[in-house]
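J.:
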Amino acid sequence: MSMINYASREINCKLVYYGPGLGGKTTNLEFVYNKVAPGARGKMISLATETERTLFFDFLPVDLGTIRGFKVKFHLYTVPGQVYYNASRKLILKGVDGVVFVADSQLERMEANVEAMQNLYDNMQQHGYDLTRIPFAIQYNKRDLPNASPIAELQAALNPGWPVEDPARQRMLPDPDRPGEFLVWQEDGQWYERAPYFEAIAATGEGVFDTLKSISKAVVKTLG
Amino acid sequence: MSGASSWSFREEDARRINEILSAFLGEAGARTALIVDRTGQLIATVGEEVQFDPTAFASLTAADFSANDQLARMLGEPEFGALFHQGERESMYLADIARRVILVVLFDNSTTLGLVKLRVRTAAKELNQVFTEMFERTDDGTAPPAVEGGFLGEAEDEIDRLFGA
Ligand SMILES: Nc1nc2c(ncn2[C@@H]2O[C@H](COP(=O)(O)OP(=O)(O)OP(=O)(O)O)[C@@H](O)[C@H]2O)c(=O)[nH]1
Ligand SMILES: [Mg+2]
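So the sequence lines, in the order shown, correspond to chains A and B. With my numbering, the residue at position 12 of the first sequence is 12, and numbering never jumps. Position in the second sequence counted from 1, then plus 224, gives you my numbering.
(1) Just to confirm my understanding: we take Leu154 (chain A), look at its own chain, exclude 5 residues before and 5 after, and list those with CB closer than 7 Å. What are they?
(2) Anyone know if the C-beta pair for Thr66 (chain A) and Thr26 (chain A) falls short of 7 Å?
(3) Sorry if obvious, but does the Cβ on Asp210 (chain A) come closer than 6 Å to a heavy atom of ligand 1?
(4) If we count the other Cβ atoms within 10 Å of its Cβ and call it buried at 16 or more, is Gly98 (chain A) buried or exposed?
(5) From A:Gly42, A:Pro135 and A:Leu29, pick the residue whose C-alpha is nearest to that of Thr252 (chain A); which is it?
(6) If I follow the unbroken beta strand (DSSP E) through Val371 (chain B), where does it start and stop?
(7) In this structure, what does DSSP give as the bridge partners for His309 (chain B)?
(8) Should Lys94 (chain A) go down as buried or exposed, given a rule of 16 or more other Cβ atoms within 10 Å for buried?
(9) Do the stretch 281-293 of chain B and the stretch 204-217 of chain A touch if we need at least three Cβ pairs shorter than 8 Å?
(10) Going by C-alpha to C-alpha distance, which of B:Ser315, B:Asp293, B:Val260 and B:Glu314 sits closest to Gly305 (chain B)?
(11) Counting C-beta neighbours from all protein chains within 10 Å, is the total for Arg178 (chain A) 16 or more, i.e. buried, or is it exposed?
(12) Determine contact between the stretch 346-354 of chain B and the stretch 322-329 of chain B, defined as no fewer than three beta-carbon pairs at a distance below 8 Å.
(13) Under 8 Å: do the stretch 61-76 of chain A and the stretch 2-14 of chain A share three or more Cβ pairs, one atom per stretch?
(14) By DSSP's criteria, Val103 (chain A) is part of a beta bridge. Which residues make up the other side?
(15) I need the straight-line Cα distance from Pro146 (chain A) to His127 (chain A), nearest angstrom please.
(16) Specify the secondary structure class of Val270 (chain B) as computed by DSSP and reduced to three states.
(17) Within its chain, find whatever has a CB closer than 7 Å to the CB of Ile215 (chain A); leave out the 5 residues flanking it on each side and keep chain order.
(18) Could you tell me whether any Cβ in chain A is nearer than 7 Å to the Cβ of Asp381 (chain B)?
(19) Sorted by chain position, which residues of the same chain lie with C-beta nearer than 6 Å to Val96 (chain A)'s C-beta, five sequence neighbours on each side aside?
(20) May I ask you to report which of helix, strand or coil DSSP gives Leu342 (chain B)?
(21) Given a threshold of 16 other Cβ atoms within 10 Å of its Cβ, counted over all protein chains shown, does Asn333 (chain B) qualify as buried or as exposed?
(22) By the 8 Å beta-carbon criterion, what residues does the stretch 241-259 of chain B contribute toward chain A?
(23) Is there at least one non-hydrogen atom of ligand 1 closer than 6 Å to the beta-carbon of Gln170 (chain A)?
(24) Could you work out which residue in A:Val62, A:Gln118 and A:Lys35 is closest to Pro20 (chain A) when comparing CA atoms only?
(25) Using 10 angstroms around the beta-carbon of Glu30 (chain A), count the other beta-carbons present and answer buried if the total reaches 16, otherwise exposed.
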């Protein structure tokens, strides 16, 4: 966790939405802004170009209220997805507590998704963070489009799982959102873990809160 | 454990920082001093109450400072260390503290940049010491326990309520 402020009794958690350009990151935040109780959210700040492409970041603070004497707040950020904005993308990851990767389901965006995922791993590593050890969720967005790839293909390309070497973590972990599926599992003697994933149509809000709930619960767990 | 390094901020830290900043504001003739961490979180505010949204202000400050940090490196400078934004009536001066947090000073025409800069130098030295001690303390594992039992369950219920069950 980046900071617990015992003086003001506040806990701030930083959630970053990452992913390829035009994937729907900003749309996710806009939906949250419009649908969450007005008293629970602050101002949304968007540093964007004239054509509404994110230039630096979007920022939206959401207030969970006071829990056991602590004011808990989530700070939601998006990064600019366009390839050449990598310097600003990297800056926003500083102090991140949880990452949501918003993939664009469209067939022709597969390569852009894979590139953005690789870029996420690289930038996290350069900060000294390990993406396999912090809360991480994947959202397959734009499920409404006819050219959307099948989930199995997206999973194979973006979320195949990473090996789990820590013996303490080597036990079957059911995916709470998908009965019969697992987040940690064993295959041919090797243990694997993958990120929870969600299908979404951010433009209508479908799946937006499911994703946010999952990542914010995972982040809160790291406090206990 | 998780990716980002963790640190905590205690009552006695707040008290020391308040003392340093209150003295500084008096000597510099500045209105408000804020401490923002590099990830964009507001840590402390001292002086006149601000008229804007401090949370948004903090996230923009951190972004502004980090972007300028990268610009400095491109020029071959290790850092700029400080930034100055001048308005017609209101100005702000930003200074790095211990490479982890940013001191933001808001002032108007009733004082001068020269005086603010001069006083920031002393305050920054004192703050550096406070924050360096604070980070070392957290790093050696003597930080108080994070949250009490029952916190997790209640937080999850609150998440379901706010984001829809
Ligand atoms: N059909 C469809 N369009 C979507 C969906 N989600 C977002 N869009 C559209 O996709 C476009 C890009 O969305 P943004 O949210 O701006 O994308 P972004 O990921 O923030 O893009 P960058 O800021 O460039 O990184 C917009 O025109 C959205 O309306 C979706 O689920 N379905
Ligand atoms: Mg955007």
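Where is the CB? At the ideal position from N, CA and C, for every residue including glycine. Computed from a prediction, not measured in an experiment: that's the story for all the values here.
T.: Walking through what the data contain:
(1) The sequence position of residue 154 (chain A) within the first sequence is 154, counting from 1. The residues are Ala103, Ser105 and Tyr140.
(2) Along the first sequence, read from residue 1 onward, the residue named residue 66 (chain A) stands at position 66. Along the first sequence, read from residue 1 onward, the residue named residue 26 (chain A) stands at position 26. Not closer than 7 Å, so no.
(3) On the first sequence, position 210 is the one that residue 210 (chain A) refers to. The answer is no for Asp210 (chain A).
(4) The residue given as residue 98 (chain A) occupies position 98 in the first sequence. Flag for Gly98 (chain A) reads buried.
(5) Chain A is shown only over 1 to 224; residue 252 (chain A) falls outside these bounds and no answer can be derived.
(6) Here residue 371 (chain B) is taken as the residue at index 147 of the second sequence, counted from 1. Where Val371 (chain B) is concerned, there is no enclosing beta strand (DSSP E), given that its DSSP letter is neither H nor E.
(7) In the second sequence, residue 309 (chain B) corresponds to position 85, counting from 1. Answer is B:Met316.
(8) Counting from one through the first sequence, the residue named residue 94 (chain A) turns up at place 94. Under this definition Lys94 (chain A) is a buried residue.
(9) no
(10) Counted from its first residue, the second sequence places residue 305 (chain B) at position 81. Nearest of B:Ser315, B:Asp293, B:Val260 and B:Glu314 to Gly305 (chain B), Cα basis: B:Asp293.
(11) Indexing the first sequence from 1 puts residue 178 (chain A) at position 178. Classification of Arg178 (chain A): exposed, given that the 10 Å Cβ count is below 16.
(12) yes
(13) yes
(14) Locating residue 103 (chain A) in the first sequence gives position 103, where the first residue counts as 1. The sequence given here has Ala at residue 103 (chain A), not Val. Its beta-bridge partners are A:Tyr140.
(15) On the first sequence, position 146 is the one that residue 146 (chain A) refers to. On the first sequence, position 127 is the one that residue 127 (chain A) refers to. Going by the C-alpha atoms only, they are around 38 Å apart.
(16) Residue mapping note: residue 270 (chain B) aligns to position 46 of the second sequence, counting from 1. It is a strand residue.
(17) Your numbering for residue 215 (chain A) matches position 215 in the first sequence. Result list for Ile215 (chain A): Leu15, Gly98, Val100, Pro135 and Ala137, in chain order.
(18) Against the second sequence, residue 381 (chain B) aligns to sequence position 157. Not an interface residue.
(19) Numbered from 1 along the first sequence, position 96 holds the residue referred to as residue 96 (chain A). Taken in chain order, the residues that qualify are Lys14 and Val16.
(20) By 1-based counting over the second sequence, the position of residue 342 (chain B) is 118. Helix at Leu342 (chain B).
(21) The residue labelled residue 333 (chain B) in the question sits at position 109 within the second sequence. Asn333 (chain B) is exposed by the Cβ-count criterion.
(22) none
(23) By 1-based counting over the first sequence, the position of residue 170 (chain A) is 170. Outside the cutoff, so no.
(24) As a working note, residue 20 (chain A) is residue 20 in the first sequence. Of the listed residues, the one whose Cα sits closest to Pro20 (chain A) is A:Gln118.
(25) Start at 1 with the first residue of the first sequence, and residue 30 (chain A) comes out as number 30. So Glu30 (chain A) ends up on the buried side.
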